[in-house]
Amino acid sequence: MIKDLEYYMSLPYRIEIIKDTDEEGYAVFIPELKGCITTGTSIPDALESLEDAKKTWFSSAIEDGVPIPKPDSLKDYSGEFKLRMPKSLHRRLMERSREEGVSMNQYCVMLLSQGTAYDDVKRSSHRNYHRT
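If you count by the numbering used here, then the sequence shown holds residues 178 to 309, one letter each, in order.
Structure below.
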């Protein structure tokens, strides 16, 4: 079955929004759709522009026969993974989690969240720096 523009426009693609401090607006893009990016002076303005950019992206892909990736879904992730580590690190994590008064699982999630947030900020700064 050939899928049409309306079908692709209805799919729940993830949208990322980055404040553009140089231009005093916002950049928005869909990570699964390479090159589908636009800007706006406000978030609603940028999101409205993204709908047009998405429509153009899908129309071109359909016309050129380019495969269109499906949206990423949280259903594809269980929220669990098994991690092996040195016993000394396990001990340090247990000690720190006790100091914080939380389970080791909660403590590790907090550490991973902080690291991921830091990485997101670094990537965003790098992307904004190289957009000129």
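Virtual Cβ for every residue (Gly too), placed ideally from N, Cα, C. Keep in mind it's a predicted model, so treat the numbers as computed, not measured.
Item to check | Beta-ladder partner(s) of F206, from DSSP | outcome: Residue pairing by DSSP puts F206 in a beta bridge opposite E193 and I214.
Next on the checklist: Can you tell me whether K252 is helix, strand or coil according to DSSP?
Outcome noted: Reduced to three states, the DSSP call for K252 is helix.
Checklist entry - Can you tell me the Cα-Cα spacing of E276 and P246, whole angstroms? => result 45 Å
Checklist entry - Three-state secondary structure (DSSP) at E272? => result helix
Item to check | CB of L288 within 8 Å of CB of K232, strictly | outcome: no
Item to check | Nearest-angstrom Cα separation, counted from I195 out to D296 | outcome: Distance between the alpha carbons of D296 and I195 is about 14 Å.
Item to check | Cutoff 8 Å; reference T216; Cβ partners in own chain excluding five residues on either side | outcome: D197, E200, G202, Y203, A204, V205, A223 and S226
Item to check | Cβ-based neighbour list, T309, same chain, cut-off 6 Å, excluding 5 preceding and 5 following | outcome: Unreliable positioning characterises T309 in this predicted model, as indicated by a pLDDT of 45, which lies under 50. The coordinate reading is nonetheless provided below. Same-chain partners within the cutoff: there are none.
Checklist entry - If you check the beta carbons only, do E193 and P208 fall under 8 Å apart? => result yes
Checklist entry - Taking the C-alpha atoms as reference points, what is the distance between S237 and A294? => result If I take the Cα positions, the gap works out to 34 Å.
Next on the checklist: Is the beta carbon of R273 closer than 8 Å to that of Y284?
Outcome noted: yes
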